[in-house]
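Chemist: Attaching a single structure in structure tokens format; questions to follow.
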Amino acid sequence: MTVPPRSRRSVVLTETINGITPVLLLFSIFLTLRGHNAPGGGFAGGLVMGSAVVLRYLASGPRGVRSLRVDPIVLIGTGLVLALAVGLTSLVVDGSFLESAVWKWHVPVVGDVKVVSSSLFDIGVHVLVVGVVMAIIVAFAEADDEMRGRS
Amino acid sequence: MIVLLFLHLVAATICLAPGTRSARWALPVAAIAPAATFAWLISQSAAVLDGDAATVDIEWIPQISLSITLRLDGFGLLMGLLVSGIGVLVLLYSISYFGRRSDLGRLAGLLVGFAGAMLGIVWADGLLTLFVFWELTSITSFLLIGFDDTNSRARAAATRAFLVTGAGGLAMLAGFIILTITGDTTTISGLVADPPTGTLTNVALLLVLLGAFTKSAQFPFHFWLPGAMAAPTPVSAYLHSATMVKAGLVVVARFAPTFAADGLWREFVVAAGLASLIIGGIRAMRQQDAKLALAHGTVSQLGFLMVLLGLGTPATTYAGVAMLVAHALFKASLFLSIGVVDHEAGTRDMRRLRGLLRALPIVAATMIVAGASMAAIPPTFGFVAKEKALDGLLHAEIGAIGTIALVGIVLGSVLTVAYTIRIVVGVLGDDAPGVDAGEGSDRIEAIDVTSVHRSPLAFVAAPALLALLSIGFGLAAGAVGDWIADATTSLDAETASKHLVLWPGINEALVISAGIIAAGTALWWFSRAATRTVDAAHSPATVVYDRIYDGLLEGARRVTVATQSGSLPLYLAIVVTTVAVALAVALVAGATDSISSPRFSNSPVEFIAVVVTGLLAVATVFARKRFMAVVLLGGSGYALAIVYLIQGAPDLAITQFLVETLTIVVFLLVLARLPVDFDPAPAWAPRIARIVVATAVGVTVAVFALSASGARTEPSVGEDYVALSEPEAGGRNVVNVILVDFRGFDTLGEITVLAVAGAGVVNLVRAARRHQRRKHLGDEIDELDDVDVAADEHDGPGYDAGRQIGVWR
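In order, the protein sequence lines correspond to chains A and B.
Under the working numbering, the first residue of the first sequence is numbered 25, with each subsequent residue one higher.
Under the working numbering, the first residue of the second sequence is numbered 307, with each subsequent residue one higher.
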């Protein structure tokens, strides 16, 4: 199932994917953020966002992936640095690696908001996982380009 | 102290930060750190010289009794003043030397980082602290030698210097560890206060000496130093003459008064020191590049210092420290002067230089004064120190070895006088030695004197100041000598009564000195026409090193070829067989009786899920088509996710589900590029062998899992985690809290692996693309890089698109 050229692509599939993508993206962020208190977490969230990239590739081929204009290695690096920074910050502040700090505010209308420092760590994991999935997809996109270039 | 070291680190970080590569302010900013250090040391000097050593002790990793232990005693003060003082001068000098180069930030950052590491060495009291800073100087030295990173010779020289000093550093670490055990202390002051004895200690001391020899470029490790001259001249002046190469001497000076009489210490020190002294001296006579001649001269002088400081008698230690100060001053001055000459005249070749006496008068005066100090001509400080050294050796009373050392040093000093005159005359003189205008092919054009610019005052200030100090310290020998005596008591209490004098009256040492100067001048006069040049790259020691290095790489290549076949099935077989064997051994050796009879299922739904998981797994094995196998395997994974869900592990189920989905998609994308059917089993792994391996692994892992779940002896940490999750980490999802908090370090490790894997994919793609482009261009660059394995398959007759990702096969 190499992604077929545009002329032979299923309109239904493409449209479905285009419609579902925003939902997937929102859901992935939701999964990551709720992880601290309910099933989910950065890894799962990252995988869902990664699947959105995969779907985009299936819908629009290499062009679709390239049009994202994101270098996967940048995502991977950002995620790793973010996770490391959270860990080191708590090492400096608290004296132990990745000791969570908890902040609570009362925000009008929304209600009580609780922020845990380890959520940032989870966001780092999320970004990194997206980067890794994307790196794999980009590899396929490159291979497609090459085949077209040859034939 | 620790604040000052941090200051260096901060300055280095600022200079190395992205965006400051071409910043003109980098060098002055970097100079702040050593300048502050210098000022602080001056303010502390009175107290320290009274014997009131400042100490710092910070626990780092208490589990292996690793702490940062610093101690500012008299010797540390003296060395600290040299390191920071010359550091400031070199950084300021570099402003003129480099002008508007684009990578000043990197240079300034590395230099100031080195200065910090070097201060760490001279202040270190803890053995491991010393080692850490020692290695830091090796690393910064490596980066600075290879500063001109587009020059392959500079890179090779940097690698050579790094490997030699790095290997020596490891030997020293081994020595330190033995000393820590035999001496039952982790500090140098502890070892000196209560010295261990015995064969093991003596072995350890020789290992420490080995480290010191490599760092201080002593025979037979001297060959990296001339190569290190590939670094910019300010770097050579600072690291490879004034400071870093003194690190070995610092260690020797601290150990020798206590340990010199033990084992073979003196024999080794004198042998290596004298060999370096003589070989360096002879080599220095055969260079045409003034900077290289100075570098060989440094090897020679370091040998001299090694003998003095290594003998460990109070008189030689005292003379050695004085000589060390003298050497730092005159050698840095000479190097910096050569840098000015190189900058203004465009060459360092002594055959080409002429007319500089008039064109660069200040530099000329500087070189003459510093040269006089190097050749030990009165009234310079070099003369005063060498008098003391000869006097100390004459009265050393350590038997034959003292006499050998004396004779060797006299011979070496004759050479020193000769090559000093040769360098000074060669650079400044009008009829440079060895100009042979007659032979056409070797004809060397002299420089055009009118094109030599007069250098700005700021440029020549640093070398001139150092030369002034060389002569000033000589004239004020009494006061300087008393100061050094106070500083040296921290090495050997008996040096307190020593002193320096400018004019000792006619005595044995003076007569010897006069003889040395006369003989040296004669040697220069009679050899001045010699043109033979010995290239450092072809000296025997370098050749031996290169053979060892090449042999090592070739050996590694052969081992790789022998062990890495590139066949994925083989790798997989090795990995899984190893796992199976390891588990089987554990099972046989241990708790086979703890195998619990598994509860098959808790509910009908779970029963169905488990059966489906198993059936699909079995079906996978019998699938004939790749596509079929992937789908069946995915189905098995989904069914397993349901089992997790029923068991009450929603996080696990979600993750399993997502991973399974992505895996299937990726698998299918790959399959599109592979043949539909599986390849037939290769001859080396017939079907039966595969079945045996697979079954063995499956059975062992299953039995092990059953055994492990029944083998618990300690209470589970799970309950604690559940209890602590909300109060400690503010999360109700205990699985997530474990991942991001309790066991966050593990997660960090895992995502690092993931990041590496991702980066690997990205780079494989980039490498393949690069290769492809090259192919398209019809380039016939036959480069053996990592993509060749994958790319070779393109050329095969059975080329199909799927083969480009060779890894998957």
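Ideal Cβ placement from N, Cα and C applies to all residues, glycine included.
In chain order, what are the residue ranges of uninterrupted alpha helix (DSSP H) at least 4 long that sit wholly in the region 486–519 of chain B?
Modeler: The region 486–519 of chain B contains these whole alpha helix (DSSP H) runs: 494–499.
Chemist: Ordered along the chain, which non-local residues of its own chain (more than five positions away) have a Cβ less than 7 Å from that of A648 (chain B)?
Modeler: For this step, residue 648 (chain B) is matched to residue 342 along the second sequence. The sequence shown places Asp at residue 648 (chain B), rather than the Ala named in the question. Counting only Cβ-Cβ distances below 7 Å, and skipping sequence neighbours, we find T539 and R654.
Chemist: Have a look at L322 (chain B) and A477 (chain B) and give me their C-alpha separation to the nearest angstrom.
Modeler: Counted from its first residue, the second sequence places residue 322 (chain B) at position 16. Counted from its first residue, the second sequence places residue 477 (chain B) at position 171. L322 (chain B) and A477 (chain B): Cα-Cα distance of roughly 31 Å.
Chemist: For a contact meaning CB atoms closer than 7 Å, what does P956 (chain B) contact in chain A?
Modeler: For the purposes of this step, residue 956 (chain B) is taken as residue 650 along the second sequence, with counting starting at 1. Those within 7 Å of P956 (chain B) in chain A are P63.
Chemist: Tell me, please, whether the region 1063–1070 of chain B touches the region 147–162 of chain A by the rule of three or more beta-carbon pairs shorter than 8 Å.
Modeler: Yes: at least three Cβ pairs fall under 8 Å.
Chemist: Can you list the residues of chain A that G1045 (chain B) reaches, using a CB-CB cut of under 7 Å?
Modeler: Here residue 1045 (chain B) refers to the residue found at position 739 when the second sequence is read from its first residue. Checking the sequence, you will find Leu at residue 1045 (chain B) rather than Gly. The answer, in chain order, is G65.
Chemist: Would you mind telling me which residues of chain B sit closer than 7 Å to G155 (chain A), beta carbon to beta carbon, in chain order?
Modeler: Numbered from its first residue, the first sequence carries residue 155 (chain A) at position 131. Neighbours of G155 (chain A) on chain B, chain order: G1064.
Chemist: The beta strand (DSSP E) that contains V362 (chain B), what's its start and end?
Modeler: To locate residue 362 (chain B), count along the second sequence from 1; it is residue 56. Here the beta strand (DSSP E) through V362 (chain B) covers A360 to I367.
Chemist: On the CB-based measure, 16 or more other CB atoms within 10 Å of its CB, does Y544 (chain B) come out buried or exposed?
Modeler: Walking along the second sequence from the start, residue 544 (chain B) turns up at place 238. The residue in question, Y544 (chain B), is buried, as its Cβ has 16 or more Cβ neighbours within 10 Å.
Chemist: G1037 (chain B) versus chain A: which residues are under 7 Å apart at the beta carbon?
Modeler: In the second sequence, residue 1037 (chain B) corresponds to position 731, counting from 1. The answer, in chain order, is H60, N61 and V140.
Chemist: When you compare the CB positions of N508 (chain B) and D568 (chain B), do they come within less than 8 Å of one another, or not?
Modeler: Translated into positions along the second sequence, residue 508 (chain B) becomes position 202. Translated into positions along the second sequence, residue 568 (chain B) becomes position 262. Yes, the Cβ-Cβ distance between N508 (chain B) and D568 (chain B) is below 8 Å.
Chemist: Mind checking if I1111 (chain B) is an interface residue toward chain A, Cβ cutoff 8 Å exclusive?
Modeler: Along the second sequence, read from residue 1 onward, the residue named residue 1111 (chain B) stands at position 805. Bear in mind that a pLDDT of 36 at I1111 (chain B), under 50, signals an unreliable position, so the number given afterwards is only what the model happens to contain. Closer than 8 Å: yes.
Chemist: I need the straight-line Cα distance from N1042 (chain B) to L974 (chain B), nearest angstrom please.
Modeler: Translated into the one-based positions of the second sequence, residue 1042 (chain B) becomes position 736. Translated into the one-based positions of the second sequence, residue 974 (chain B) becomes position 668. N1042 (chain B) and L974 (chain B): Cα-Cα distance of roughly 31 Å.
Chemist: In this structure, how does DSSP classify S639 (chain B) when only helix, strand and coil are distinguished?
Modeler: The count along the second sequence starts at 1 and reaches residue 639 (chain B) at position 333. Looking at S639 (chain B) - three-state DSSP - the assignment turns out to be helix.
Chemist: When the cut-off is 8 Å and only beta carbons count, does V162 (chain A) lie next to chain B?
Modeler: Position 138 of the first sequence, counted from the start, is the residue given in the question as residue 162 (chain A). Closer than 8 Å: yes.
Chemist: Counting only Cβ pairs nearer than 7 Å, list the residues of chain C close to A1061 (chain B).
Modeler: Considering every chain present, this structure includes no chain C. Its protein chains are A and B.
Chemist: Anything in chain B within Cβ reach of I97 (chain A), meaning under 8 Å, just list it in chain order.
Modeler: The residue given as residue 97 (chain A) occupies position 73 in the first sequence. Those within 8 Å of I97 (chain A) in chain B are G1064, A1065 and V1068.
Chemist: DSSP on V1062 (chain B), reduced to helix/strand/coil?
Modeler: Against the second sequence, residue 1062 (chain B) aligns to sequence position 756. DSSP places V1062 (chain B) in helix when its eight states are reduced to three.
Chemist: Between the region 30–49 of chain A and chain B, which residues of the former have CB atoms less than 8 Å from a CB of the latter, in chain order?
Modeler: Listed in sequence order: no entries.
Chemist: Check each residue of the region 75–99 of chain A: if its Cβ is closer than 7 Å to any Cβ of chain B, include it; give the result in chain order.
Modeler: Per Cβ criterion, the list reads S75, V78, P96 and I97.
Chemist: Going by C-alpha to C-alpha distance, which of B:L395, B:I674 and B:G618 sits closest to V541 (chain B)?
Modeler: Residue mapping note: residue 541 (chain B) aligns to position 235 of the second sequence, counting from 1. The candidate whose alpha carbon is nearest that of V541 (chain B) is B:L395.
Chemist: Tell me which residues share the same chain as L333 (chain B) and place their Cβ nearer than 7 Å to its Cβ, disregarding the 5 neighbours each side in the sequence.
Modeler: On the second sequence, residue 333 (chain B) is found 27 positions in, with the first residue counted as 1. Once the five neighbours on either side are set aside, the close Cβ partners of L333 (chain B) are L397, S400, I401, L410 and A414.
Chemist: How would you call T866 (chain B), buried or exposed, if buried means at least 16 neighbouring beta carbons within 10 angstroms?
Modeler: Within the second sequence, residue 866 (chain B) is the residue found at index 560, counting from 1. Result: exposed.
Chemist: In the DSSP assignment, the alpha helix (DSSP H) including R87 (chain A) goes from what residue to what residue?
Modeler: On the first sequence, residue 87 (chain A) is found 63 positions in, with the first residue counted as 1. R87 (chain A) -> alpha helix (DSSP H) spans G66 to R90.
Chemist: Check R834 (chain B) in the structure and name its three-state DSSP category.
Modeler: The residue labelled residue 834 (chain B) in the question sits at position 528 within the second sequence. R834 (chain B) falls in the coil class under three-state DSSP.
Chemist: DSSP has D595 (chain B) in a bridge; who is on the other side?
Modeler: Position 289 of the second sequence, counted from the start, is the residue given in the question as residue 595 (chain B). DSSP lists B:D655 as partners of D595 (chain B).
Chemist: So with Cβ pairs under 8 Å, would you call T1058 (chain B) a contact of chain A?
Modeler: Taking the second sequence and counting its residues from 1, the one referred to as residue 1058 (chain B) is at position 752. By this cut-off, T1058 (chain B) is an interface position.
Chemist: Report the option in B:D985, B:L938, B:G954 and B:W571 whose CA atom is closest to the CA atom of T967 (chain B).
Modeler: For the purposes of this step, residue 967 (chain B) is identified with residue 661 of the second sequence, where counting begins at 1. Taking only the C-alpha atoms, the option nearest T967 (chain B) is B:L938.
Chemist: Counting only runs that start and end within the region 514–583 of chain B, where is the beta strand (DSSP E) found for 3 or more residues in a row?
Modeler: None, since the region 514–583 of chain B contains no complete beta strand (DSSP E) of that length.
Chemist: Measuring CB to CB, does L696 (chain B) end up less than 8 Å from A828 (chain B)?
Modeler: If you number the second sequence from 1, residue 696 (chain B) lands on position 390. If you number the second sequence from 1, residue 828 (chain B) lands on position 522. Taking 8 Å as the Cβ cut-off, L696 (chain B) and A828 (chain B) do not qualify as a contacting pair.
Chemist: Please classify N457 (chain B) as buried or exposed, where buried requires at least 16 neighbouring CB atoms within 10 angstroms.
Modeler: In the second sequence, residue 457 (chain B) corresponds to position 151, counting from 1. With fewer than 16 other Cβ atoms within 10 Å, it is exposed.
Chemist: Helix, strand or coil: how does DSSP classify L829 (chain B) here?
Modeler: By one-based count along the second sequence, residue 829 (chain B) stands at place 523. Helix.
Chemist: Taking the alpha carbon of R993 (chain B) as the reference point, which residue from B:P875, B:L951 and B:K1081 has its own alpha carbon closest?
Modeler: Residue numbering aside, residue 993 (chain B) sits at position 687 when the second sequence is read from its first letter. Looking at the Cα atoms, B:P875 is the closest of the given residues.
Chemist: Is the shortest distance between the beta-carbon of L71 (chain A) and the beta-carbons of chain B less than 8 Å?
Modeler: As a working mapping, residue 71 (chain A) is identified with position 47 in the first sequence. So yes, L71 (chain A) belongs to the interface.
Chemist: Can you give the Cα-Cα distance for T1058 (chain B) and A107 (chain A), rounded to whole angstroms?
Modeler: Against the second sequence, residue 1058 (chain B) aligns to sequence position 752. Against the first sequence, residue 107 (chain A) aligns to sequence position 83. Going by the C-alpha atoms only, they are around 10 Å apart.
Chemist: Compute the distance between the beta-carbons of A423 (chain B) and F439 (chain B), then report whether it is under 8 Å.
Modeler: For the purposes of this step, residue 423 (chain B) is taken as the residue at position 117 of the second sequence. For the purposes of this step, residue 439 (chain B) is taken as the residue at position 133 of the second sequence. Closer than 8 Å, so yes.
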